[in-house]
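Each remark here refers to the structure printed beneath this line.
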Amino acid sequence: MKVGIVGWRGMVGSVLMQRMSAEKDFELFESVFFSTSNAGGDAPTVARGERTLKEANDLEALAGCDAIVTAQGGDYSNDVFPKLRAAGWRGYWIDAASALRMKDDAVIILDPVNLPLIQDALARGVKNYIGSNCTVGLMLMALDGLLKADVIEWISAMTYQAASGAGAPQMRELIEQMGQLYSSARDLLSDPKSPILEIDHAVSMSLLSDQLPVRSLGAPLAGSLIPWIHDDLGNGVSREEWKASAEANKILGRPALGEAGSLIVEGLCVRIGAMRCHSQALTIKLRADLPLPEIERMLADANEWVTVVANNREDSIRELSPAKVNGTMSIPIGRLRKLALGPEYISAFTVGDQLLWGAAEPLRRMLRLLLNKL
Ligand code: NAP
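Printed below as a string of structure tokens:
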């Protein structure tokens, strides 16, 4: 099999490259790398890889691939994918962008959760496999056990989403903002006797100053938060919030929201100053009053990445933090308890690296699925 890789030097693409190298995926197929900006330049050095970068808009070169994996972005997918298909290309298109996700002829891939659905699609000759929204994927990975047992009636997901979900420039700007806030209070901080309200005032002035870099984020994030992610759909719902129910039901192979048998996922999506781990506070209505130990067992047994964290202060602070989970494949879920709302209501808090399970990992695993090497 010959695999074309587009978008390999972007943020998602770089994590994808790290994971594919770590798992020796490149030994399994020939690979050819594409670029929108440096065709003819040196390709990354991998086993069985072509040495020279090809032009990412060269349909003939792309059509020479049995599968194309792209993390180049939605504009690229919207532009190139239809032209390739119109030219008769029948290869597998594996994509990190949201552009094709909800199309009828595309499957959203999250194999620990929906492997049977992917296998069924492969058997039916489906060729388009798209990674999920990061937040939705991480939530479904964490709740895999309860979803497989079909014991959830609805989920309210309040998210704490990292800067990386917005993009690399936004991550850089977050750190710049942090630096600027620190600078504004540095002299006061160096004096242990300086009044805290003076420090707060200096930082507050800095947060509202037009000197604070907000070109990419659009608002202060360091020392603050942004309570809206992605487009305004005009009905009080953000596109990020809409994706929760829309994508979750598609991933699970259930009817669309509002139809009988669909899963209700509702909530607010909020950007916070974490680097690359999304966190989510979940309120879950179960179909029955299940004992907490049974719930914990179902969650823990569902897949090899989810871990149940004991609901105490020490374990929660140590294990359920973006700082701890950053750069790992682990999906911890904790703060599990019954709520005063009634015996069927539980709380949960989960954290996951949005560039790994939230973006890159399902793509490389899809390639392995094509080769029966998962
Ligand atoms: P990105 O970092 O902006 O990279 C996209 C492309 O930008 C690269 O492949 C590269 O193309 C070009 N580029 C221009 N300047 C660059 C620079 N200085 N460094 C690296 N690349 C540069 O995009 P991304 O955040 O990885 O997102 C890719 C797609 O994945 C998007 O559709 C996004 O919605 C989706 N996605 C993102 C996330 C996330 O958390 N960020 C999660 C899930 C899905 P050339 O090499 O051709 O120049």
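Take the numbering used here: the final residue in the sequence shown is number 359, and no numbers are missing along the way. Where is the CB? At the ideal position from N, CA and C, for every residue including glycine.
G258 sits buried, since 16 or more C-beta atoms from the chains shown fall within 10 Å of its C-beta.
No Cβ-Cβ contact shorter than 7 angstroms links R350 with L356. Annotation for Q146: no alpha helix (DSSP H) segment contains it, though the beta strand (DSSP E) segment containing it runs I137 to Q146. Residue burial is scored here from C-beta neighbours: T30 has fewer than 16 other C-beta atoms within 10 angstroms and is therefore classed as exposed. For the options A241, A231 and A204, the alpha carbon positioned closest to that of A151 is the one of A204.
Rounded to whole angstroms, the gap between the alpha carbons of D216 and V222 is 9 angstroms. As computed with DSSP, D217 is found in a beta bridge with S223. Not one heavy atom of the ligand NAP falls within 6 angstroms of the beta-carbon of C50.
Look at S264 here: in three-state DSSP terms it is strand. Counting other Cβ atoms within 10 Å of its Cβ, S175 stays below 16 and is therefore classed as exposed. For K(-13), the secondary structure class from DSSP, reduced to helix, strand or coil, is strand. Per DSSP, the continuous beta strand (DSSP E) segment holding V250 begins and ends at I249 to E251.
At least one heavy atom of the ligand NAP is found less than 6 angstroms from the C-beta of C119. Looking at the DSSP output, W74 sits in no beta bridge, so it has no partner there. Counting every other CB atom within 10 Å of its CB across the protein chains shown gives S168 a total below 16, marking it as exposed. The three-state reading of DSSP puts F334 in strand, counting E and B together.
Between the alpha carbons of N297 and L128 lies a distance of about 20 angstroms.
At a threshold of 6 angstroms, M(-4) counts as near the ligand NAP, since its beta carbon sits closer than that to one of the ligand's heavy atoms.
When C-alpha distances from S191 are compared across R256, G208, M5 and K112, the shortest belongs to G208. At the C-beta level, H263 and T120 come within 7 angstroms of one another.
Counted as a single uninterrupted DSSP element, the alpha helix (DSSP H) harbouring G122 occupies residues C119 to A127. In the DSSP annotation of this structure, the continuous segment of the beta strand (DSSP E) that includes R320 starts and ends at I316 to K323. Set against 6 angstroms, the gap from the CB of S223 to the closest heavy atom of the ligand NAP is not smaller. By the Cβ test, the stretch 177 to 195 is not in contact with the stretch 228 to 248, since fewer than three Cβ pairs between them sit closer than 8 angstroms. For I160, the enclosing alpha helix (DSSP H) starts and ends at A153 to S175. Between L253 and the set R261, M260, A273 and E225, the nearest pair of CA atoms involves E225. Counting the other CB atoms within 10 Å of its CB gives P240 a total below 16, which places it among the exposed residues. Residue burial is scored here from C-beta neighbours: P276 has fewer than 16 other C-beta atoms within 10 angstroms and is therefore classed as exposed. Judged by DSSP in its simplified three-state form, N99 adopts helix. D286 is classed as exposed because its beta carbon has fewer than 16 other beta carbons within 10 Å across all chains shown. Rounded to the nearest angstrom, the gap between the Cα atoms of M(-14) and L348 is 16 angstroms.
Judged by DSSP in its simplified three-state form, F66 adopts helix. K88 carries a coil assignment under DSSP once its states are collapsed to helix, strand and coil. The straight-line gap separating the alpha-carbon atoms of F19 and A345 is approximately 17 angstroms.
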